[in-house]
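Line by line, the protein sequences give chains A and B.
In this text, residue positions in the first sequence follow this note's numbering: the first is 1, and each later residue adds one.
In this text, residue positions in the second sequence follow this note's numbering: the first is 1001, and each later residue adds one.
Below is one structure, written out as structure tokens; the observations come after it.
Protein chains: 2
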Amino acid sequence: MIWPGRGRPRPQAFRSRRRREQRVDRLPLGDLRPEPVALLGRTAYLQLSLFEFATTLAGRATELKDREAITRIAAALLERHTSIVTMLEDHGVDGATAMQPYTDEIDRYWRRLGETAWIEAVLTLHLATGILDDFFAQLGAGLPGRDGERYPALLRRDIGHEVLAGLLADAIAQDRRTTSRLALWGRRLVGDTLLLARSALGAARDTSGVPATTDERRVEPVLTELIAAHTRRMDGLGLTA
Amino acid sequence: MIWPGRGRPRPQAFRSRRRREQRVDRLPLGDLRPEPVALLGRTAYLQLSLFEFATTLAGRATELKDREAITRIAAALLERHTSIVTMLEDHGVDGATAMQPYTDEIDRYWRRLGETAWIEAVLTLHLATGILDDFFAQLGAGLPGRDGERYPALLRRDIGHEVLAGLLADAIAQDRRTTSRLALWGRRLVGDTLLLARSALGAARDTSGVPATTDERRVEPVLTELIAAHTRRMDGLGLTA
């Protein structure tokens, strides 16, 4: 990416503007009514696994200030996990019991992504949380009662994407070849992440009781929106999606 | 360890009683005045490293409920780290800058302990935080101003030792040979942990300005007290120190 006549951009202003455009405001999820304990259990475990991923990523940082900054992101993910477990307990369900059915599928997701270089893992955290937060915040808006507000609010609170975008911009500025490596990784990662989101739709039913995934006309527009937001996020980093 | 005529002990009551006896109430630190930024920087990094250790330990648990429980301990350690960084910022010092001088020494501590089986790592977390919390809480009581109360209070808040003691008791109950393995590991680990505590005394000076570690008569009674508390902690687990 070339910034004619002004060297490096002022990342802060640039990114904040982009960031607002990167959110999905509305997914065509219609009147889906997710089953509370299933959705909370699934995402409690998802956030736990994201927290562990972020902590490992922090521990691998070469600069202490980056380790510190990513640890704050890990803390935000852990806070989400803990809050969702508290919501489960409000439903009279123990966190571990509710999470158990979803561990295999989510562990498989991380295994498929495999070990990567550090900067690719930074991109994973940035893009995967981008897609999954958009998706689950919207799906969770269909939860009954107070959960329908608490849960999306929890997932919409920023975990610190500016920090991740800053690390990616620095890496690209230092070595332009990083751009193509990261672009490739971003394209690789979107498929598995969409599958992970999609599988949660199997657990959501519309008001007629039909599982959402049985209806392809329903799922496709949702995925299209998520991909569009992902593309804007890649574009915000100067990467070709 | 044999529990004649009553099978396994009721661990809860047993441990709670022991727990109170395991604390060091007063170390003979006299009028040591630790330098605030040095002590806070050192322990901010120590708590960060303990947090990372606990998170890895949690991720290696085979039972999801244990993983969940140890993650809560990790969260408590992270909360300490974050609070100490906030205290540093109150002194006008950035966390990463204040921690930097202590990273090598603390990383070396973890490297020396090396990779262990999971249950040994549970014991590491239980005993190392036991020794280090006792020591730093007492040393920190000599900090000037509000820090002299905030800092010890932070380190005295329990991170969840009952959980760790419970996991250790379960492992011992399942296979009595674990007792000797753990006793051995407890003895192995105490030396390095005392050295880590001791090195902080080099940074503390008494009111005459003499570094505490230059005076062996000063250091020895402190170590003796810490070892005594460690022995009571081992004893509380049914292990020979």
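In this text, a Cβ means the ideal position worked out from N, Cα and C, and glycines have one as well.
Predicted model, so just to flag it, every value in this text is computed and none were measured.
ask   = So which residues on chain B does residue 78 of chain A lean against when the C-beta distance must stay under 8 Å?
value = Translated into positions along the first sequence, residue 78 of chain A becomes position 78. Result: 1071, 1074, 1075 and 1078.
Return helix, strand or coil for residue 242 of chain A, following the three-state DSSP convention. What is shown of chain A runs 1 to 241, which leaves residue 242 of chain A out entirely.
Taking 8 Å as the CB-CB limit, is residue 1047 of chain B close to chain A? Looking up residue 1047 of chain B in the second sequence gives position 47. No, residue 1047 of chain B does not count as interfacial toward chain A.
ask   = Going by DSSP, which residues form a beta bridge with residue 1221 of chain B?
value = The residue given as residue 1221 of chain B occupies position 221 in the second sequence. None, per the DSSP bridge assignment.
| task | Tell me whether residue 104 of chain A is buried or exposed, calling it buried when 16 or more other Cβ atoms sit within 10 Å of its Cβ. | result | By one-based count along the first sequence, residue 104 of chain A stands at place 104. Burial call: exposed.
- Shortest alpha-carbon distance to residue 1190 of chain B belongs to which of B:1034, B:1173 and B:1230? Counting from 1 along the second sequence, the entry for residue 1190 of chain B is found at position 190. Comparing Cα-Cα distances from residue 1190 of chain B to each of B:1034, B:1173 and B:1230, the minimum goes to B:1230.
### Query
Mind listing which residues of the region 1086 to 1104 of chain B have their C-beta closer than 9 Å to chain A's C-betas, in chain order?
1094, 1095, 1096, 1097, 1099, 1100 and 1103
**Study point:** Option in A:95, A:68, A:224 and A:49 with minimal Cα separation from residue 164 of chain A
**Key:** Within the first sequence, the letter at position 164 stands for residue 164 of chain A. Measuring from the Cα of residue 164 of chain A, the nearest candidate turns out to be A:68.
Discussion item. Looking at residue 226 of chain A: is its Cβ nearer than 8 Å to the Cβ of residue 133 of chain A?
Written reply: As a first step, residue 226 of chain A must be located in the first sequence, where it is residue number 226. As a first step, residue 133 of chain A must be located in the first sequence, where it is residue number 133. No Cβ-Cβ contact shorter than 8 Å links residue 226 of chain A with residue 133 of chain A.
Below 9 Å between beta carbons is the criterion; list the residues of the region 57 to 71 of chain A that meet it against any residue of chain B, in chain order. 58, 59, 63, 64, 65, 66, 67, 68, 69 and 71
* Asked: Taking Cβ-Cβ distances below 9 Å as the criterion, which residues of the region 1137 to 1168 of chain B are in contact with chain A?
  -> none
Excluding the 5 residues preceding and the 5 following residue 1071 of chain B in the sequence, name in chain order all residues of the same chain whose CB lies nearer than 6 Å to its CB. Looking up residue 1071 of chain B in the second sequence gives position 71. The residues are 1058.
- Message: What would DSSP say about residue 142 of chain A, mapped onto helix, strand or coil?
- Response: The sequence position of residue 142 of chain A within the first sequence is 142, counting from 1. Correct three-state label for residue 142 of chain A: coil.
Minimum length 4: unbroken alpha helix (DSSP H) runs contained in the region 1151 to 1202 of chain B: 1161 to 1174 and 1177 to 1201
Checklist entry - Is any beta-carbon of chain B found at less than 8 Å from that of residue 82 of chain A? => result Within the first sequence, residue 82 of chain A is the residue found at index 82, counting from 1. Closer than 8 Å: yes.
Practice prompt. Could you tell me which chain B residues have their CB closer than 7 Å to the CB of residue 120 of chain A, listed as they occur along the chain?
Written response: Working through the first sequence from its first residue, we reach residue 120 of chain A at position 120. Correct list: empty, because the minimum Cβ distance to chain B is about 20 Å.
Tell me where the alpha helix (DSSP H) around residue 98 of chain A begins and ends. Counting from 1 along the first sequence, the entry for residue 98 of chain A is found at position 98. It spans 95 to 99 - the alpha helix (DSSP H) in which residue 98 of chain A sits, taken as one unbroken run.
* Top-ranked residue by Cα proximity to residue 1113 of chain B, from B:1196, B:1224 and B:1223 -> The residue labelled residue 1113 of chain B in the question sits at position 113 within the second sequence. Comparing Cα positions, the closest option is B:1196.
inquiry  = Quick check on residue 55 of chain A - is its C-beta less than 8 Å from some C-beta in chain B?
reply    = Position 55 of the first sequence, counted from the start, is the residue given in the question as residue 55 of chain A. Yes, its Cβ sits closer than 8 Å to a Cβ of chain B.
Do we get a CB-CB distance below 8 Å when we pair residue 35 of chain A with the residues of chain B?
-> Taking the first residue of the first sequence as position 1, residue 35 of chain A is located at position 35. Not closer than 8 Å to any Cβ of chain B, the Cβ of residue 35 of chain A fails to qualify, so no.
Give a yes or no on whether 8 Å exceeds the smallest Cβ distance from residue 10 of chain A to chain B. Taking the first residue of the first sequence as 1, we reach residue 10 of chain A at position 10. Residue placement at residue 10 of chain A cannot be trusted, given a pLDDT of 40 that sits under 50; the coordinates are not used to answer.
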